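Numbering-wise (the working numbering), the sequence shown opens with residue 8 and increments by one. Every residue, glycine too, gets a C-beta built ideally from N, C-alpha and C. These numbers come from a predicted model, not from an experiment.
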Amino acid sequence: MTGKPKIVKNMTKDKHFAPYDRINRFLLPIVPKKLRPNHLTFFRLIVSPVLIILLAGHQYLYSLILFVVLAVTDMLDGSLARLRNQITDWGKIWDPVADKVLIGIVVVMLLLEVNLALTVLLVAFEMAFILGGSFIRMKMKDVEISANVWGKIKMNLQCLGAVFLMLGAILSWNLFIPLAQVFLYLSLFFAALSMLRKGI
8 MTGKPKIVKN
18 MTKDKHFAPY
28 DRINRFLLPI
38 VPKKLRPNHL
48 TFFRLIVSPV
58 LIILLAGHQY
68 LYSLILFVVL
78 AVTDMLDGSL
88 ARLRNQITDW
98 GKIWDPVADK
108 VLIGIVVVML
118 LLEVNLALTV
128 LLVAFEMAFI
138 LGGSFIRMKM
148 KDVEISANVW
158 GKIKMNLQCL
168 GAVFLMLGAI
178 LSWNLFIPLA
188 QVFLYLSLFF
198 AALSMLRKGI
């Protein structure tokens, strides 16, 4: 699971450097050296399905807390990988899969009955990302595939959409559900831009 780290020079000038890396840089001293990015990705993969149980039981507050914790691990594992030069082939494959599982669970379980068309579009785009990235890796093994800025914006918008879906369920405020859908529709736009730029 750890794989062979890829050393990236001039990390802050790298085109895949995320703005929040500047903040996470100050957190690195308190993050144990033994904690690697792939550990956080694996944790997200195995814990995300717990959301199914919580959402099915209408435990929306606990679902929101768990979702935020898992979303933070997504932000942290990427920063650790870049700032500590711990980018691995395993992480490049499974980190986006873990993200899609996390978002997909919330969206499908809370949005399906509200907006079927949007749910289908979101799932279709995410499947296209996974299948397209896998196809490119098989056919063009020397091509580097990584998230571009549009893909990162898409992920952030999807997280906001998921949060507002859960807030709507917790507070029963009708405003939150349409607002969540606005963020998710916007995420489709940036998903399309990301695909055009051959990012995942």
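Determine the closest residue to residue i out of the options, with distance taken between C-alpha atoms.
{"i": "F183", "options": "G168, F197 and Y192", "result": "G168"}
{"i": "R51", "options": "I112, G64 and A187", "result": "I112"}
{"i": "N122", "options": "Y67, D96, P185 and D28", "result": "P185"}
{"i": "E120", "options": "L172, K99 and L90", "result": "L172"}
{"i": "P191", "options": "E133, N155, D28 and K40", "result": "Correcting the residue identity first, residue 191 is Leu in this sequence and not Pro. Measuring from the Cα of L191, the nearest candidate turns out to be E133."}
{"i": "D28", "options": "K161, L125 and D81", "result": "D81"}
{"i": "D102", "options": "V38, F49 and H65", "result": "F49"}
{"i": "N92", "options": "H65, K40, L138 and T126", "result": "K40"}
{"i": "K107", "options": "C166, N181 and V76", "result": "C166"}
Are the CB atoms of residue i and residue j nearer to each other than 8 angstroms?
{"i": "L164", "j": "F136", "result": "no"}
{"i": "L117", "j": "L62", "result": "yes"}
{"i": "P44", "j": "L87", "result": "yes"}
{"i": "L35", "j": "D84", "result": "no"}
{"i": "W157", "j": "L200", "result": "yes"}
{"i": "L42", "j": "V57", "result": "no"}
{"i": "L90", "j": "N155", "result": "no"}
{"i": "I177", "j": "Y67", "result": "yes"}
Below 8 angstroms on the Cβ atoms is my contact criterion, and I expect residue i with residue j to pass it. Report the Cβ-Cβ distance as a whole number of Å.
{"i": "V170", "j": "L71", "result": "7 angstroms"}
{"i": "S55", "j": "A105", "result": "7 angstroms"}
Which whole runs of the alpha helix (DSSP H) in the segment 90 to 119 are 4 residues long or more, in chain order?
-> Counting whole runs of 4 or more residues, the segment 90 to 119 contains the alpha helix (DSSP H) stretches 96 to 118.
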